[in-house]
Ligand SMILES: Cc1cc2nc3c(=O)[nH]c(=O)nc-3n(C[C@H](O)[C@H](O)[C@H](O)COP(=O)(O)OP(=O)(O)OC[C@H]3O[C@@H](n4cnc5c(N)ncnc54)[C@H](O)[C@@H]3O)c2cc1C
Ligand code: SF4
């Protein structure tokens with residue numbers, strides 16, 4: 099581990115003021131501190147933001163505000179989350195362990211870095227995300243857990259967060275505070291495609307802080323589901339995951355939200371499948387056809403072609419379960 103200083107911010111503007119040079123914000127530290135131990139992250143200063151807003155409250159418009167310092171467990175156990183956005187509670191509970199969820203914050207979860215093993219191996223592996231321009235050993239190496247959607251010739255890593263998949267499906271907005279003031283944007287627009295600079299993962303500017311997440315009110319979200327497929331029943335990242343919400347009127351799909359995890363550099367909102375589903379009869383055949391439309395652009399690698407079939411089946415099963423519950 100490299101030497102670094104530690105400071106604790108009292109509010110958002112204080113945090114931004116303190117975040118100079120190579121400083122990083124410190125949430126629960128469950129990802130950042132691991133990366134610092136491996137010297138993959140080398141901040142000269144940690145600005146602790148766990149004392150900032152951790153509120154989980156109803157918004158003026160009937161939606162939800164979640165402070166970036168809210169612990170993952172607090173979000174998953176919140177009554178409003180469990181009743182109005184059950185997919186979010188289930189996604190969080192499907193991740194990590196109780197101890198990690200107790201420490202991890204919403205801001206840190208969204209910004210956790212990939213679990214590509216070559217990214218962590220800075221002794222012998224080449225990785226464009228760790229050292230831009232170095233090359234990518236995953237592409238010709240062992241890439242069973244890697245991306246099938248949205249990858250580039252420079253990087254095929256996936257985003258590992260379960261929570262972010264649910265947030266993307268639920269039309270979350272991310273609110274930021276930086277040196278130029280405050281702004282907010284949809285979480286779907288927060289992550290950058292890998293392109294030839296996979297080390298640039300989001301639209302965050304230097305020193306910019308995530309202050310909160312907001313979710314719009316949604317009758318649809320109350321009937322939502324999160325399904326995760328992994329190698330072990332617990333304490334494992336998703337091979338594939340699906341966050342879905344569905345409403346059916348007179349046998350036809352009135353509205354739908356669908357997001358996919360474990361398959362791309364970002365939580366993947368399945369806009370094409372959603373478009374194909376609206377107005378269709380809520381049948382397994384319609385779910386399969388919409389999935390095929392979404393996955394037409396899937397580009398699996400040698401070791402992870404199984405993800406296409408696994409993901410297709412998981413989407414159809416998740417939507418069928420929701421449709422069955424509504425019948
Ligand atoms: C063994 C293990 C198993 C796991 N399994 C899963 C799993 O199955 N599913 C899953 O989703 N996750 C899993 N995780 C990952 C875990 O969810 C993340 O480590 C955690 O959510 C990160 O949150 P944190 O608050 O600890 O972030 P930190 O480690 O504190 O920070 C992560 C990053 O976010 C930045 N940051 C933090 N807060 C802010 C802010 N407010 N504004 C701007 N930047 C900020 C930091 O600077 C850092 O770059 C696992 C982790 C471990 C160690
Ligand atoms: S897939 Fe991305 S993170 Fe993994 S080695 Fe290649 S460049 Fe690095």
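Numbering (the working numbering), first residue to last: 99 to 425.
Each residue gets a CB set at the ideal place from its N, CA and C atoms; glycine is no exception.
Source: prediction; values computed, not measured.
- Item | Contacts around residue 259, its chain only, beta-carbon distance under 8 Å, and the 5 residues preceding and following it disregarded | 193, 207, 208, 210, 359 and 365
- Which class does residue 316 belong to by DSSP, given the choice of helix, strand or coil? coil
- Task: Note down the Cα distance separating residue 110 from residue 151, rounded to an integer number of angstroms.
- Result: 9 Å
- To the nearest angstrom, how far is it from the Cα of residue 353 to the Cα of residue 339? 20 Å
- Kindly indicate the opening and closing residues of the alpha helix (DSSP H) around residue 165. From DSSP, residue 165 is part of no alpha helix (DSSP H) but of the beta strand (DSSP E) over 162 to 165.
- Query: Any heavy atom of ligand 2 closer than 7 Å to the Cβ of residue 226?
  - Reply: yes
- Message: Distance check for residue 241 and residue 233, CA to CA, integer angstroms please.
- Response: 15 Å
- Message: What ranges does the beta strand (DSSP E) occupy inside the stretch 274 to 352, keeping only unbroken runs of at least 3 residues that lie completely in it?
- Response: 279 to 284, 307 to 313, 322 to 327 and 338 to 347
- Item | beta strand (DSSP E) segment containing residue 112, residue limits | Run containing residue 112: none in the beta strand (DSSP E); it sits in the alpha helix (DSSP H), 110 to 116.
- Message: Suppose contacts are defined by Cβ-Cβ distances below 8 Å. Is residue 322 in contact with residue 336 by that definition?
- Response: no
- Enclosing alpha helix (DSSP H) for residue 393 [first to last residue]: 382 to 393
- When the Cα of residue 215 is compared with those of 177, 386, 255 and 403, which residue comes out closest? 255
- Would you say residue 221 touches ligand 2, meaning its beta carbon is less than 7 Å from a heavy atom? no
- Any non-hydrogen atom of ligand 1 within 7 Å of residue 197 CB: no
- Query: What residue does the beta strand (DSSP E) around residue 106 start on, and which one ends it?
  - Reply: 103 to 106
- Message: Tell me the rounded alpha-carbon separation between residue 57 and residue 239.
- Response: What is shown of the chain runs 99 to 425, which leaves residue 57 out entirely.
- Run the proximity test for residue 308: is its beta-carbon closer than 7 Å to any non-hydrogen atom belonging to ligand 1? yes
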